[in-house]
Structure formats: C-alpha cells, structure tokens
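Everything in the sequence shown is counted per the numbering used here, starting at 4 for the first residue and increasing by one.
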Amino acid sequence: MYSLKFTVQWGYRFGYFSPKHLPRYDFSGHIEIENGQLEQSERMSTKFDLWGPYIFSVDYVPYGKNSWESRIHNNFDGFRFTVQVEDASLITLQTQAALIHFTPRELKAGGHLVCHLAEKYSPATIHIETDPPEWHLAPNEPDEIRMSFDDLAGEKRYFFGVWGTLARPGKSIQGKLHLKIPDAGSDLDHTAIKFAVRFILSKNAEVNAAIDALPHFSIRANGRVIHQNRKFSMYEDYNAQMLDETTELLPADIFVNGENTIEVINEDAQASLLIQMLRFIPVVQRHLEILSCPRWVVVGVPFRILYRSTQAALVKIDYDERLLSLTVPSGTICDRTHTGKTKIIAPQQGENELFFMALQPFHRETVSFIDLWSGASSAATIEEAWDAAAEKNRFKTGIEIKTDNPLEYEPIIRQVLDRQMGNLIVFRYYRNLHFDYGMLWDAAARCRKYGLYTDTIGWGSLYPEMRHAVADASADHILCAGCHEDTGIYYSTYSSTETNLTLRDAMNTSVQMLRANVVGNRLPGVPVAIGDASGGSRYAYMAGYDIIRHETFVGSHMLILPNARGAARAYGRETWGAHVASQHNQQHELDDGLRRFWLGLFMPWVFGANFVFEEDSLYQNNKYVRMVNDDYMTRIKQEMTAQFHKYTQTHPRAGEPQVDIAVIQGRFAPPFNGLSTPSAPLEPLQENENILVWGRFGRNRWEWGYRQPEKGFHILEIFSPGIYLTPLNQDAHRVRRVFGADPRGEFDFLPIEASRDVFSQYKLALMLNWHTMEVYTEQQDDACRNDYDKLRAYVRDGGTLLISVPQLTTRADRELLLDMADIRPIYEGKVSDLFGVNIGAQSRHLFSGAVGCSSLAGVDFDQELDLIRLPNTSPDEDGGCFLTDIELTTAEVVVQDKATGRPLVVRNKVGNGYAYLLCVHAFPGHEAIKHFLPNLVIALIDRHVRRDVFVDDPSADVYWSVWKTAADAGKIYLLNTDWESGANQKVVVIHAGENNFKYTVLEGQPDEVAFCGNTALYADTPEVYIASDKTDQETVRYSIQGFGPTVLHVYSGSPAVLSLGAKTGLIKPAEEYVLPVNLDELGNSTELLIQRGAS
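Written out as structure tokens, the structure is:
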C-alpha cells in the first residue's frame, strides 16, 4: 500500500445570477475505501469573492470524520483526503446528489476525474484531483528540463490557487538546474535555450492580495542575467490575479552541461513574487529550417513561408508553377524567373519570409529550398489548397491581445500566423498605460501586412490615441474601433435615478447617453463598435453604433443571438459579431466547459455572425484553476479556435438564414437578455421580483419590476425548451443555461422599428412583451405613419400577427399595470381595419379556459405543457385575467372562453395575411393563461409557418438553421448542443423537398446538408464542402471540394440519374444512394450532376 492525497470538490458557481434563479444541491454523504483506509480528512475553506471561491487560494481545515453534511447553493464545498491504498482499491463517494466509484489507478492515470449529476445540464460537478493537481500543466516539450517550485529553495506558498516558491520584496531564491545541451552537429547550425518563467504576484506575502504592477525582478544563470522582467502583471474582476509566463531565447553558452545555478532576485519594493516553474528547452537552430508553413491555404489568398538562414547563402526555390506563384502580401504576383524558371534568393542572416499564392486546389504540395553554396536543403509542405469563394463579408475569427504588454504583440501575432488561429486581432486595453503607442502602431501595421484585420477596444471614449494608432496603421484592414459594455447602463446593478416617469423617457435618456459615447469613439471612416451584454442592441443601433460585439455566455445564447440577428436586420447592419466570454460561468477549464466553448464559436456562425473572438482566456485562465499558454485549457481553446478558423474559411456560407418567426420587441420595451447582475438587491429579490426594467432608468416602483409584459417571454419555452430567462422565475433544476435547441425552427427578436421589407421576411410575428402603439411614430417607410400602419401592411403582405389588447395601448407609463381597465387603445379601439373588431371596455368576466372553433376547432387548449416557468411569488400575482368587450365587424372568432362563450381570440383576414387578437385585458405573460398562450402559439405555427425544408428533432438538443440561396436551394446547418459528454449522437429526421431521411448529429462536429430542388446531398466527413446550383428544371449541379476518401449520401424525390466523373447511378425515390469517392482522384474539386427523370 501507499499513501495517496486527493481532493474532492463539488458544486458550481455563476457570477451573474442572483441565488433565486440558481439550483440547490445536497452533497451530504460519506467516503468508503475497499482494501484501504482513510488516514486524514480536511474540509475545504474558501474566502468569499463575488466571482467565485477559486479567486483566492483554497484552505483545508482538519475535519477528522468520513461523513459530512453539505448543501450547495451557487458555491463549492469539498474535502482533501489522505488514504492508504493500492492501485486497485475501490474508493466510493456516496452523496445525496451522486454516487461515485473510482480506483487510485484511474485517478492517477489522468490526474483528475470529473463526474456529472444525473440531472440533465446541471451546472454542478464533482471534481476529484490528485493533490497537488498537475493534470492541467503544459506537457513537456521535446528535451525540456523543468524546474518546478520544489526545485527552488525557499518558502512554499499558495497564491490565488498556484503553488510556488516565494521571493519576498528585496529577496532572492535559487536552485540547481541539470541541463544537457545537444551538439548542433554542424557548423551551419547553432544551439540555443528557450527559456520561460511562470509567476504570479501578490501585494502581500501573507495573504492573497491582487495587484497591478510591472514587477521588478531578474533571473540569473551561473551569475549571468538571463531575464529581466518587462511584463505588466494584472488582475481582473477585483481580485482575480493572473498567472503569467514570459519567454526568452538564450545563447547556449550561458549554460554548462551538467549543474547550473539559477537565481531569482525580486528587486521590487512592493510585489511578492511566487515562482511556479522555470522551463529550459534546448533547441538546435538549423540552416534553412522551415519555421512556419501553413497546413491549408485558400486559392488567391497570399500566405507566408518562414525559414531561417544561419549564414550567407544563395537559395534556390522550387515549386510547381501550375499550383503556386510567388507573390507579395498584397497579392500581387511577383515570380522571379531566370533561365530554366529557377528562383534564386539571397536571404538575410536570421529569419526570412516568402509569400506565395495557390492558383488552384491541390492536396500536398512542396516548396523546396536548396542552398547552392553549402548544399543544405529543406522543404515546406502545404497539405491542402481550397478553392472556396469568399463570403461577401469575409468571416473573421479573432484573437484578443491585451495592449498592456507590448512585448507580447509580436509573439501572439506570430502564433496566430504559425498556427493559423484566425484573421482578426482585437487589441484591448485593460490597465497599463505605460507603453509606447508606436509599438501598438507597429503591431497593427504588421497585422495589415499579413492580411489580419484589426479591432480595438477601450474603456468608454478614453485614450483615443490607442484607437488612432490601430486604425491608422491598419488602414483598409480595420474592422471597427470602440468600447465595451457601454450598454451596461441597462444592468440592474444600478439604483434608479428616479428621473424618468415613463418608458419613453427611459428610452430617450439612455439612448442620448449612448449617443455621447458614439461621438467620443468615432474615428473618420472607421465603424464605431460596442460590446453588449445587456440585450440593448436595438438602442445601441438607435444611438448610432455601427457594429455590435455581442457578449455571449452571460445569458442564454437563445436570447442573445436572436436579438443580435434581429436587431442587425432591423437597422440594416451587415456586420455583427460575438464576443465569447466562456470564462465567467461554470468551470470552463474542464472538458464539458471546452465543449461549451466549441459551441460558443460555432453557434454565432450558424446564426449569421460575421466575426467571433474569445475574451480573456485563450492564453490565461484567471478563474478556478490558473492556467497559461500551453496548459490544458488554454491549449485546447487555441486548437479549437484554429479548427474553427479553418472551417469558416473553407466552408463559406451562401445566402442567409431563413427565419420564419419574429418575436417583436415593442415600442419602449426594456432590454432583455436573461442577465441578472450580481449586485441586484438580493433580499427583496427573494420575496418579489423587484429588479427594475430599464435598470437605472427605471423607477423604484412595483409596476417597474418584471411583471406581466416581461413574463410573456416565458412563451419562448416552446421555441427553445429549457431556455433561461433570468430574472423571470423558473425551475432552476430544469433550466438549460448557456445553450439550447430550436425544435420548432429559428426565431428572431425583431425591433418594431424594422422596415416593412424586413418584417415581410417573417411568416409569423408575435408580440409578447410591452408595446406602446403611438398614433404618430417616425418610420423607416414613408407609407406608414406609425407602428399600427406597418403591422397592417405586414399582414396585408402575407404575414400572420398575434397581439393582445393591452399592446394596442397608447400609454407609455407603467402605471397601466396598476389599472389594466384603463388601456386607452389606439384610435379609441376602432381597429377593425386590422383586427376586424372594435375594442370596448374591460368586461366583468374572467378567463375560464379556451375552446377552439372555426379554423382552430379541435385544438386542445387545455393541454398542460411541461413548462419550467414559475410565478414570481404566487399564481394569482397578476390579478384577474378579464375578457375584453369587443364588437365584431369582419373578424371570425377562433377561440371562445369556455364558461361564457365570449370571444377569446379573433382572426381577421387582411390582404394575404391574418391578424389574431387576444381579447383579454392582460398581457400574454399573465399567469392565468400560461398554458393557453403556448398552445395557441403552437397552433399558429402549425398553420402559418409551413416549411419545405425543416428538421424533426425528438431530442430537442439539436440547433438547426436553414440557409437559402434560392427558393428551393441552400443548406441545413446542424449543431448538437448536448455538451455533457463528448461525441454523443442525436438522431433527427431531415425534410428537404420531397425527401425525408434520418441523420445523426455528432457533438463537437458542424454538420451540413445541401439541398436543391427535390434533391439533397451530404458527405460523411465534415471537411468536405458542398454547394448547390440548379441549372434548369431538370438538372441539379452540386460542387464538391475536399481531400481524400469520403462517402456521399444522395437523395432525390423522383427518379434521377447521378453522374460524378466517370461514375453514374440511378437514384430511386425515398431511397438513399451511397457513393464512395476519393476526392484526391477527382482533383479535390469536382461536380455531381443529378438529372431528373433520366434513366
């Protein structure tokens, strides 16, 4: 037997949500050991921080028992156990929430174990780690010698979750390094030592105390200085100190084979320095070594090959001129041809780069380098050249660089190029102003040279010099410039200013405030951008922002992204993006968190975003387990980002999403995106839903809370099961946080300001929240004088509209909620030209149930749906749901009140469409109609949202989107949103034209199915790109690109003949035609023809 120490931690932490909206778990239980014994138990103890228990170091307090009580509510708890065991001993953790068995062998194999609860999509996990944990540390590079903190003499301390050796201010620490320096083996080659130091700071040596500083320390090897720190170290979110790593390339002659003395001297007067590790990697620098060559390229887009020359040389370059051409970064061809078409280059000593451009698709092509003087040679291999037509607005994958550390600009830009991680660099200011803006200019100019676009983010309108530096140097490659979270004025964190009496006042005041920020951030000729986490996108556009970076993960993607797309459509913005903030909620460094990150990249792309970039944690993790650079989480995120970039560049989208359902954002309706900020008044929140609509622009009144109008969003459950709608009340154990699916198809949040043309893109428009129907409102369409006119035009053009009587009010004051009888509808209720009725007073009859008639006869409106919505405080909190007295003119009654037979819903045909009116003096979110309204909406979808292409998803875990390039051609995109286990499968049924077939959607893989006419086609491998083109009524052409073997699956709704190269086949209706192909044999780009009716 041997002694094993491990920790067990359970729970979860969300940074943005009040306790009312989060689940409670009971982890009370005990530990058992079969063939072993418990030696010691210590209970976890953490210092509270707003952002979670792992901001500071975890302490362990002697406990001494094998059983415990532990009830969790947005927190973590756990133990450190010391046990005597053998590898095969069985350890059992029996808790109320989960039962876990594992062996020491299993734990040591991976260094940690992660266990989920049986509850689907629970945020809570049980995490078991060896102590101290090492599973997350970077793997050793070849020949790396690593000095851990244990190899340095001195105090061992624990700062912000990082173990290390402490160098107090003015003190030093040292240790011995045993190094084996390889022989270069040739006079042409040289040996160097790649060196890295990992450190974290604290303002106080005795307690974790965050600090922003440029710490003054140096490192010596054998008495010679090998490193003087120039890195600015910082913290985020009040106390989350960063773990930092800096690197140097050192001459090998500083070191000796064998024992070397390493000393770290902390010359800083304030910061305590904790060294986690020192890394030494011997490298041989070869003459003509290829330092960087892209694995994949796109035809017509310049790329660089970077190589080293260690001495003077005359280099001959050979390549296939049919496939490649020498060029310059701008794309101008500059082949240097001499006798025999030989390219001769005299490189400079050091690093050299050449630019090439692919002329056609190919698989595996080599560029060879031969030094005609020394005979040295090397070769650079490009694996894939794609001929993918770029999107009109080329998609951009972004990498965020903190401006605080100019010395990191070059290494990160180089890594982005070497690893093909993206084509957008986002320069973001945090805290350090002590740097030369000229370095920022140089970095942005370097981005432009390599075809990288840029964005720059600052604090409000402060420090315009940074924006100018990036924009001037980037020239035509600047995407946008601006700020982040200025729409945070809508957060409920802030107390009311009590200056706005009406919703109209709240909107006008806040938009005016945003306009001032637009002016402060505007640069000539550069789109001004804002990062938004508030859901206030429409008001940001109203204020004049050109581009919005929508911050995801702070609320439900199923609120954020429909809002992003709908607002952009309404305001005619062709460019919008997503800012992936996966680091703040749940443990994003675990594998399920990484699966969520993958979804965080791909889902905005499927929605139609034009750019996506990650926030804060691509190179550093400042929450939970601290990581940096090539540690587990940061390394995997970098790899996923590179995979995403390749996919988006080689699989361009065509057309646009076919979204049939609009959820209208009413006039003066407050922003809503499911974000409940942590500083909300917690005690009143537990008692009643007193978070203010419009945040600081609201009023401290009951009626300004989230009431009937906002509760209409509960109906979104039928579009995305489990969608979380904080601060509305829901069953916290059944909420799907972060992601969701769309079993009834996509929807957009559409601002009422949208033009008639934009409205006409949707088949069904639902009004679920507040709306003020003003008599005179400025419109984008000259033919419409107000929203009423526009909605009537929408219906006349063929749309279907559902609205309730209170949403016809001309009032903009929330006092309406105190007296629902006083609605004051537009035109005094004479709305027969749209709804076929005249509206009267509130009746004395209460809603008693619903009976369908006419076109809705037979619909079971009494069906109780499996909803997760809950009342704020009690089922009768909304008061009575009174029917409205109406006078029928041209409308037909389609739903009657069960007890009275009075009209409950009427339908009026106007032109080519239908207007439905809910005839109650209540908003759609009223508790009394919480089952009726969803059933009604489902019935309307079934009748008015007819699709020729759609997906049946019994799992409700697949997000699907139909993009059309023509009325009967396009592509279906599918994402498996079940992040709980890797590579899980969901089986759906795809309906495309006359074809219906099963399709398996794999987690962690983007899926595409192309369709055209009555045919459909997909490939086994997602790397294959397929696009459709209908040449005439009888012939469909699919273009196919890819590499190596794949299997094509072809469907046709009628008999047809397929031809691909020399292969032909007969496709039978309702049968799958399976066609194995090797795309390398077909030139990597080919066409498949389907001729209808041929034999």
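The beta-carbon is built from N, C-alpha and C at its ideal position, and this holds for glycine as well. This one's a predicted model, so the numbers in the text were calculated from it and none came from an experiment.
Which residues does DSSP pair with residue i in a beta bridge?
i: TYR238; result: GLN244
i: GLY14; result: PHE79 and THR128
i: ILE385; result: GLU368
i: GLU251; result: PHE198
i: ASN1087; result: The partner list for ASN1087 (beta bridge, DSSP) is empty, contrary to what the question assumes.
i: HIS848; result: According to DSSP, HIS848 bridges with nothing at all.
i: HIS230; result: ILE222
i: GLY973; result: LYS967 and PHE1014
Could you give the residue range of the alpha helix (DSSP H) that holds residue i?
i: HIS76; result: Run containing HIS76: none in the alpha helix (DSSP H); it sits in the beta strand (DSSP E), 74-76.
i: MET424; result: No alpha helix (DSSP H) holds MET424; DSSP gives it neither H nor E.
i: ASP594; result: 594-610
i: VAL514; result: 506-524
i: TRP299; result: Element bounds for TRP299: not the alpha helix (DSSP H) but the beta strand (DSSP E), 299-301.
Measuring straight from C-alpha to C-alpha, what distance separates residue i and residue j?
i: HIS130; j: PHE82; result: 11 Å
i: ASP1083; j: PHE359; result: 22 Å
i: ILE196; j: LEU180; result: 13 Å
i: VAL898; j: LEU907; result: 5 Å
i: SER495; j: THR980; result: 29 Å
i: PHE235; j: ALA170; result: 18 Å
i: SER1062; j: LEU1091; result: 6 Å
i: PHE220; j: CYS486; result: 34 Å
i: GLN783; j: ILE533; result: 24 Å
i: SER328; j: LYS967; result: 36 Å
i: GLY547; j: GLU781; result: 16 Å
i: VAL531; j: GLY378; result: 54 Å
i: GLY861; j: THR893; result: 23 Å
i: ASP186; j: GLU251; result: 20 Å
i: ARG872; j: ARG417; result: 50 Å
i: VAL1080; j: VAL1050; result: 6 Å
i: VAL228; j: PRO409; result: 22 Å
i: PRO414; j: ASP421; result: 10 Å
i: ALA683; j: THR505; result: Legend: pLDDT at ALA683 = 45, less than 50; position of this residue unreliable, value from coordinates given subsequently. Taking the straight line joining both Cα atoms gives about 22 Å.
i: ASP1035; j: VAL696; result: 54 Å
i: GLU262; j: LEU291; result: 32 Å
i: VAL940; j: ILE308; result: 57 Å
i: ASP240; j: TRP54; result: 7 Å
Give a yes or no on whether the C-beta atoms belonging to residue i and residue j are separated by under 7 Å.
i: LEU455; j: ALA484; result: no
i: TRP444; j: ALA393; result: no
i: CYS884; j: HIS934; result: no
i: GLU42; j: TYR63; result: no
i: GLY14; j: ALA127; result: yes
i: ARG670; j: PHE610; result: no
i: PHE838; j: LEU920; result: yes
i: ASP535; j: THR490; result: yes
If you drop the 5 nearest sequence neighbours on each side, which residues of the same chain put their C-beta closer than 6 Å to that of residue i?
i: PHE675; result: GLY538
i: ILE154; result: Reading off the sequence shown, one finds Asp at residue 154, where the question assumed Ile. The answer, listed in chain order, is GLY178.
i: THR1089; result: ILE1043
i: ASP971; result: GLY1016
i: ASN242; result: ASP52, ILE58 and ALA213
i: ASP751; result: PRO565, ARG568, GLY569, VAL662 and ALA665
Skipping 5 residues on each side, what residues in its chain have a beta carbon closer than 8 Å to that of residue i?
i: ARG74; result: ARG27, TYR28, ASP29, PHE30 and SER31
i: GLY1045; result: ALA1022, THR1024, GLU1026, VAL1027, TYR1028, LEU1082 and ASN1087
In terms of residues, what are the limits of the beta strand (DSSP E) holding residue i?
i: VAL990; result: 988-995
i: TRP966; result: 961-969
i: ALA855; result: Ala is not the amino acid found at residue 855; the sequence shown has Gly there. Run containing GLY855: 853-855, per the beta strand (DSSP E) assignment.
i: THR555; result: 550-555
i: MET47; result: 32-48
Leaving out five residues on either side along the sequence, give the residues of the same chain with a beta carbon under 7 Å from the beta carbon of residue i.
i: PHE9; result: PHE84, LEU110, ILE131, GLU132, THR133 and ASP134
i: SER175; result: GLU266, VAL267, ILE268 and ASN269
i: TRP707; result: LEU695, VAL696, GLY701 and ARG817
If we cut at 7 Å on Cβ distances, does residue i have a partner in chain B?
i: ALA208; result: Absent here is chain B; the protein component of the structure consists of one chain.
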